[in-house]
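Enquirer: Supplied in structure tokens, the structure appears directly below.
In the working numbering, the protein residues as written are 1 to 489.
Below, the structure written as structure tokens:
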């Protein structure tokens with residue numbers, strides 16, 4: 001009899017048609033969760049009754065408990081499984097719930113009064129305590145449905161008062177008798193129970209109102225996020241096509257196809273080329289980010305050579321590094337090391353790291369790229385001699401639209417998206433991206449991937465010839481030109 005999971009397709013509210021369904025389902029959930037507690041309490045009470053008072057009473061009560069709990073549980077399960085539709089079904093379930101409540105209350109009252117009658121006139125601690133416990137339990141657990149709570153408290157209250165009244169009546173005790181004191185005390189106890197019920201009912205209503213407010217706020221936020229995403233996606237698609245055409249036209253002009261350009265015009269064209277590239281990179285990064293956030297990023301997973309991947313990324317970023325007077329140094333003679341991943345996306349990650357390393361390194365410096373293998377993991381490290389990043393700044397480095405708040409960084413442009421996209425790409429590869437601050441100047445960025453198993457490695461002929469050729473054909477001159485200057489972030 002485990003906890004039932006409510007169908008959340010129809011949220012509970014305190015206004016409208018969902019109110020009644022919400023109350024019934026909340027009541028059913030709470031009551032099902034307390035079954036074990038009730039059974040333990042009943043068992044202890046029946047053992048006490050059978051040992052100290054009457055075996056017959058205990059056995060009769062046990063039959064009532066079994067019938068009551070089985071019927072109660074069947075009604076609660078039907079409520080939990082109810083889809084909230086149909087007024088006839090709602091009325092039927094409500095009637096069944098009230099019948100179950102009556103049977104359960106009669107069971108408790110039968111036990112308490114039965115013990116009291118066997119005891120005769122006196123304090124009746126067990127009987128009254130059992131009724132008091134049942135009333136408190138109802139106040140705490142049955143406050144979801146007001147009619148059920150009122151029915152239980154009324155039944156327990158009448159039984160609670162009946163026991164001392166019966167003692168006073170049968171004994172003819174005077175007003176100064178202790179039996180009268182017990183009768184008056186019972187009214188104070190009932191007031192306490194009613195007050196507890198009122199407080200729990202108010203807390204329940206307040207919590208539901210707060211949940212409704214949170215649900216409304218969540219819906220508003222979700223709608224705003226959807227509108228923002230749709231706007232960014234539409235804007236990016238609409239801007240990318242004309243920008244690509246503008247970039248192509250400017251490139252043709254800058255190439256001297258229409259004649260040699262004067263130095264002043266060439267300078268202006270160069271600025272236009274650079275800024276078009278920055279805008280195209282920003283648009284592509286935004287589109288990539290939208291794809292990742294909505295799970296629409298496609299990955300062409302394959303067995304690839306890390307050395308081949310590094311050499312390709314260096315060849316793409318070398319012209320940009322040369323413009324900055326930075327050398328990208330890698331021993332391309334390293335033996336092939338294979339991983340499982342998307343060549344284009346991993347190249348995008350390395351291009352972000354390499355372009356950043358070149359951008360933030362001083363002129364006439366060298367960026368060193370190395371490959372390490374350790375315990376089935378491959379690590380590519382890119383060590384620069386630039387401004388250096390504190391490791392405590394990692395959350396900002398990999399966040400969206402973020403720039404390191406240092407005076408040096410304000411001299412460099414960037415979208416602030418590249419490293420965030422790189423982190424998400426590495427997560428999709430079950431990999432890792434991070435950095436450490438060098439003991440000297442600069443920072444060492446690294447990416448880690450699982451090494452491909454030996455059985456997954458492609459034949460040497462395909463590694464050297466067919467695979468490399470297909471990758472070179474895959475990357476057009478336009479994509480290479482984009483990554484030369486514009487993947488920095």
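Where is the CB? At the ideal position from N, CA and C, for every residue including glycine.
1. DSSP on residue 110, reduced to helix/strand/coil?
2. Under 6 angstroms Cβ to Cβ from residue 353, same chain only, skipping five residues before and after it: list those, please.
3. Report back the beta-carbon spacing between residue 304 and residue 343 to the nearest angstrom; my notes put them in contact at under 8 angstroms.
4. Among 107, 122 and 207, which residue has its Cα nearest to the Cα of residue 131?
5. Opposite residue 303 in the DSSP bridges: which residues?
6. Specify the secondary structure class of residue 85 as computed by DSSP and reduced to three states.
7. For residue 19, count neighbouring C-beta atoms within 10 Å of its own C-beta (all shown protein chains included) and say buried if the count is 16 or more, exposed if not.
8. Evaluate residue 91 with the Cβ neighbour count: other Cβ atoms within 10 Å of its Cβ, from every protein chain shown; 16 or more gives buried, anything less gives exposed.
9. Does the separation of the CB atoms of residue 292 and residue 424 fall below 7 angstroms?
10. Closer than 7 angstroms, CB to CB, is residue 24 near chain D or not?
11. In the DSSP output, which residue or residues are listed as bridge partners for residue 435?
12. Taking three-plus beta-carbon pairs below 8 angstroms as touching, is the region 188 to 202 in contact with the region 142 to 155?
13. In angstroms with no decimal places, state the Cα-to-Cα distance between residue 143 and residue 211.
14. With burial defined as no fewer than 16 other Cβ atoms inside 10 Å of the residue's Cβ, what is the status of residue 69: buried or exposed?
15. Just to confirm, are residue 306 and residue 378 a CB contact at a threshold of 7 angstroms?
16. With a CB to CB cut of under 8 angstroms and the five nearest residues on each side skipped, what residues in its chain are close to residue 330?
17. Can you list, in chain order, the residues of its chain whose CB lies under 6 angstroms from that of residue 300, leaving out five sequence neighbours each side?
18. Quick check on residue 374: does DSSP put it in helix, strand or coil?
19. Measure how close the beta-carbons of residue 290 and residue 241 come, nearest whole angstrom, since I'm counting them as under 8 angstroms.
20. Considering Cα atoms alone, identify which of 399, 429, 421 and 387 is closest to residue 438.
21. Do you know offhand how far residue 62's Cα is from residue 114's?
22. According to DSSP, residue 382 sits in a beta bridge with which residue or residues?
23. Give the secondary structure of residue 417 by DSSP, where H, G and I count as helix, E and B as strand, and everything else as coil.
24. Counting Cβ pairs closer than 8 angstroms, one from the region 219 to 236 and one from the region 183 to 194, do we hit at least three?
25. Do you know how far the Cα of residue 161 is from the Cα of residue 172?
26. Using C-beta distances below 6 angstroms, list every residue in its chain close to residue 105, excluding the 5 sequence neighbours before and after it, in chain order.
27. Near residue 168, which residues of its chain fall below 8 angstroms by C-beta distance, leaving aside the five closest residues on each side in sequence?
28. What does DSSP give as the partner residue(s) for residue 450 in the beta ladder?
Expert: On the basis of the data shown:
1. In the three-state DSSP reduction, residue 110 falls in the helix class (H, G or I).
2. 382 and 445
3. 5 angstroms
4. 107
5. 340
6. coil
7. exposed
8. exposed
9. Cβ distance < 7 angstroms, so residue 292 and residue 424 count as in contact.
10. Looking for chain D here will not work: only one protein chain is present.
11. In the DSSP output, where bridge partners are listed per residue, residue 435 has 445.
12. Taking 8 angstroms as the limit for Cβ pairs, the verdict is that the region 142 to 155 does touch the region 188 to 202.
13. 17 angstroms
14. buried
15. Going by C-beta atoms, residue 306 is nearer than 7 angstroms to residue 378.
16. 310, 311, 314, 368, 369 and 370
17. 342
18. The answer is strand: DSSP assigns residue 374 an E or B state.
19. At roughly 17 angstroms, the Cβ-Cβ gap does not stay under 8 angstroms, so residue 290 and residue 241 are not in contact.
20. 387
21. 13 angstroms
22. 369 and 445
23. When secondary structure is reduced to three states using DSSP, residue 417 falls in the coil class, being assigned neither helix nor strand.
24. no
25. 16 angstroms
26. The answer, listed in chain order, is 152 and 155.
27. 177, 179, 180 and 183
28. 377
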